[in-house]
Each structure stands twice: as C-alpha cells, then as structure tokens.
Ligand SMILES: [Zn+2]
Ligand SMILES: [Zn+2]
Ligand SMILES: [Zn+2]
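Numbering (this note's numbering), first residue to last: 0 to 329.
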C-alpha cells in the first residue's frame with residue numbers, strides 16, 4: 000500500500016507506505032542483502048558474484064510505478080492520490096565495510112555518472128515531477144543497512160523544500176536579474192571565512208545560514224540547473240570535491256561521519272527553471288564526537304533551527320582537515 004495524503008494545513012503531501020514496517024533491519028554482515036551473492040551463499044539483491052555500481056528498485060518502496068488505489072476515499076478537505084513514483088537503491092561498491100569516503104575518486108566519478116544516467120532516465124518519465132537523489136549514512140540517521148548505498152526517489156510532485164528554493168530563486172531573479180546561488184557563490188568567495196574547499200568547478204562552504212553545525216553545501220561555479228548539465232571535467236571535479244568533503248568529515252572526530260546528503264536540481268515537470276542553480280547539501284547530525292543534534296520542539300514544531308555554533312568556526316575546522324585529492328585515473 001502506497002498513497003499520498005494531502006495536508007491542507009501546510010499544503011503538502013505525506014507519503015503513506017505501510018509495508019515498509021517489514022523491511023530488513025540491521026542484518027548481521029553475513030546476511031547483507033546488498034552484498035554480491037557468494038557461491039553457495041544465500042541470494043542477495045544482486046545475483047552476481049561481484050559488481051561495480053548497481054542500481055535496482057527498492058523492494059520496500061514508499062512510491063510505486065503502478066500503485067494500487069488508496070485505501071481511503073478523498074474528501075473535500077483531504078485529497079488522496081496513489082503513491083506513484085519509483086524508489087531506487089544505488090550500491091556504491093561491492094565492499095560491505097567501505098564507505099563512500101573510502102572509495103577512490105575514480106569510483107565516486109563513476110557514481111556521479113550513474114546518478115546522471117538515472118536522472119536522465121527518470122526525468123523523462125511522464126508522471127515524474129522531481130528526481131530526488133540522496134544518501135542517509137550512519138545509524139545516527141536511522142540507516143537500516145550498513146552496506147554503502149544511496150537512494151533515488153522519482154516523485155510525482157515538487158517537494159516543498161525544493162519548492163521553497165525555487166520561489167526564493169525566482170523572486171531574487173525577478174528583483175535583481177541575477178541567479179541567487181551565483182550571488183551566494185560570489186558573496187562566499189568575497190568573504191572566504193566559510194569556504195571549506197574550492198576547485199576548478201565547485202565551491203564548498205558551510206553556508207552563512209547553516210542549520211547544522213557541520214552543514215556543507217557544494218555549489219557548481221557555473222550556472223547549471225541539473226546533474227545532466229555537467230560536462231566531463233565538471234563530473235571529475237565534483238567527484239574530487241565529494242571525496243575531499245567526505246574525508247574531511249571522517250577526520251573531524253576520527254570516526255565514520257554520519258550525514259544526510261541531498262542533491263537539489265531543477266524539477267522534471269518540463270517547466271522552465273533557468274533561474275535555478277543545482278547544488279548538493281550535507282546535513283550531519285553530530286555536534287561533537289558524541290553529541291547529536293536532535294530535531295526538537297523548535298526545529299520540528301516551529302521550523303526554527305537553533306545552531307549553537309558559528310558557521311565561520313566550523314568551516315575553519317573542516318578546512319584544516321581537507322586533503323587535496325589528485326585525479327589518478329584516465
Ligand atoms: Zn553488504
Ligand atoms: Zn546560478
Ligand atoms: Zn538546496
């Protein structure tokens with residue numbers, strides 16, 4: 000069962016997907032469903048002895064390409080629609096105990112190309128209005144499988160958080176004639192205190208308005224709308240930038256740093272979004288090596304994030320831990 004219920008108070012959809020309660024929860028490493036299938040071993044999601052990067056449809060999806068009818072009827076207040084969409088899982092590597100940070104930059108480059116391929120394919124589907132690429136990493140985030148992987152949701156509406164960014168970007172463009180994120184990139188470069196790392200095509204900052212202590216945004220310096228607008232050089236530069244940020248994260252407290260990583264690009268509904276600027280955001284839940292930031296009353300009930308750190312100081316901590324990544328592949 001998978002349906003979308005309308006929240007008229009906030010004007011947004013909630014996905015209701017009940018079979019997810021039965022999904023696999025932290026299995027022992029010998030029974031990882033995301034590892035290759037060993038000869039004579041139990042069958043995993045990947046019926047191969049080895050693989051490089053694999054994408055497959057989630058067996059416990061929040062959205063389905065052919066959903067059944069909703070179990071409740073709509074009323075005047077409460078709109079209901081089938082939860083039509085696609086949920087994919089992206090396996091980054093066959094190595095169970097690795098993380099994306101451990102992978103060589105060449106593997107991250109392959110992942111960027113896989114994301115781009117999947118974005119193109121899902122972007123073209125008629126019922127898809129948004130292709131959302133993300134990763135939840137670490138038990139602190141509620142991850143149920145440790146094997147390094149990310150997810151892609153092809154969603155039949157524009158998610159509200161992206162909708163907010165689109166509104167703000169459009170308003171800024173109408174007022175100034177300029178792109179909001181291009182202006183942010185300019186301001187961050189002028190100020191420089193919040194820059195974590197920079198390369199030919201990307202700027203990584205702890206944004207001025209960070210909600211999490213170690214929040215990092217990666218902005219392409221060229222005005223692009225989606226992953227699929229990147230050239231090959233930009234794909235390599237993005238892989239290098241991701242590697243630098245991920246390694247800096249792990250070096251912060253000498254532990255495998257948990258985070259949510261989200262890709263924000265233009266919607267897939269066919270409208271014109273030339274005013275929008277594609278980027279990647281990281282939201283790590285750790286405030287210190289042992290303290291988590293909880294989304295408590297203020298954050299959850301009022302939407303007001305309280306960040307008890309300064310972006311300028313946190314950016315300096317991360318910047319000190321950035322190691323230059325050098326491309327060694329072809
Ligand atoms: Zn595994
Ligand atoms: Zn721009
Ligand atoms: Zn964003």
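Beta carbons are placed, not taken as given, at the ideal position from N, Cα and C, and that holds for glycine.
Per DSSP, cross-strand counterpart(s) of residue i
| i | result |
| --- | --- |
| residue 406 | This structure cannot settle anything about residue 406, because the visible part of the chain is limited to 0 through 329. |
| residue 322 | According to DSSP, which records beta bridges pairwise, residue 322 is partnered with nothing at all. |
| residue 218 | 202 |
| residue 226 | Bridge partners of residue 226: none, in fact. |
| residue 35 | 45 |
| residue 81 | 2 |
| residue 291 | 285 |
Residue range of the beta strand (DSSP E) that includes residue i
| i | result |
| --- | --- |
| residue 5 | 1-6 |
| residue 115 | Here residue 115 belongs to no beta strand (DSSP E); instead the alpha helix (DSSP H) covers 104-122. |
| residue 282 | 278-282 |
| residue 14 | 11-16 |
| residue 194 | 194-197 |
| residue 56 | 53-56 |
| residue 303 | From DSSP, residue 303 is part of no beta strand (DSSP E); its letter is neither H nor E. |
| residue 70 | Here residue 70 belongs to no beta strand (DSSP E), and DSSP marks it neither H nor E. |
| residue 263 | 258-263 |
Opening and closing residue of the alpha helix (DSSP H) in which residue i lies
| i | result |
| --- | --- |
| residue 159 | 159-175 |
| residue 313 | 310-319 |
| residue 248 | 231-251 |
| residue 184 | 179-190 |
Three-state secondary structure (DSSP) of residue i
| i | result |
| --- | --- |
| residue 64 | coil |
| residue 30 | helix |
| residue 75 | coil |
| residue 128 | coil |
| residue 99 | helix |
| residue 134 | strand |
| residue 154 | strand |
| residue 144 | coil |
| residue 269 | coil |
| residue 209 | coil |
| residue 296 | helix |
C-beta atoms of residue i and residue j nearer than 8 Å
| i | j | result |
| --- | --- | --- |
| residue 139 | residue 284 | yes |
| residue 223 | residue 277 | yes |
| residue 158 | residue 129 | yes |
| residue 56 | residue 85 | yes |
| residue 211 | residue 306 | yes |
| residue 243 | residue 321 | yes |
| residue 48 | residue 35 | yes |
| residue 107 | residue 132 | no |
| residue 333 | residue 102 | One cannot answer for residue 333 here, as it falls past the ends of the chain, which runs 0 to 329. |
| residue 54 | residue 113 | yes |
| residue 274 | residue 266 | no |
| residue 310 | residue 206 | yes |
| residue 52 | residue 89 | yes |
| residue 12 | residue 156 | yes |
| residue 153 | residue 82 | no |
| residue 104 | residue 324 | yes |
| residue 183 | residue 279 | no |
| residue 264 | residue 226 | yes |
| residue 338 | residue 4 | Lying before the first or after the last residue shown, residue 338 is absent from the chain, which here runs from 0 to 329. |
Beta carbon proximity, residue i to chain D, threshold 8 Å
| i | result |
| --- | --- |
| residue 67 | This model lacks chain D altogether; it includes just one protein chain. |
Closer than 7 Å: residue i CB and nearest ligand 5 heavy atom
| i | result |
| --- | --- |
| residue 99 | For ligand 5, the structure offers nothing, since it holds only ligand 1, ligand 2 and ligand 3. |
Are the stretch 248-259 and the stretch 285-305 in contact at 8 Å, needing three or more beta carbon pairs?
-> yes
Contact between the stretch 232-249 and the stretch 188-203: three or more CB pairs below 8 Å?
-> yes
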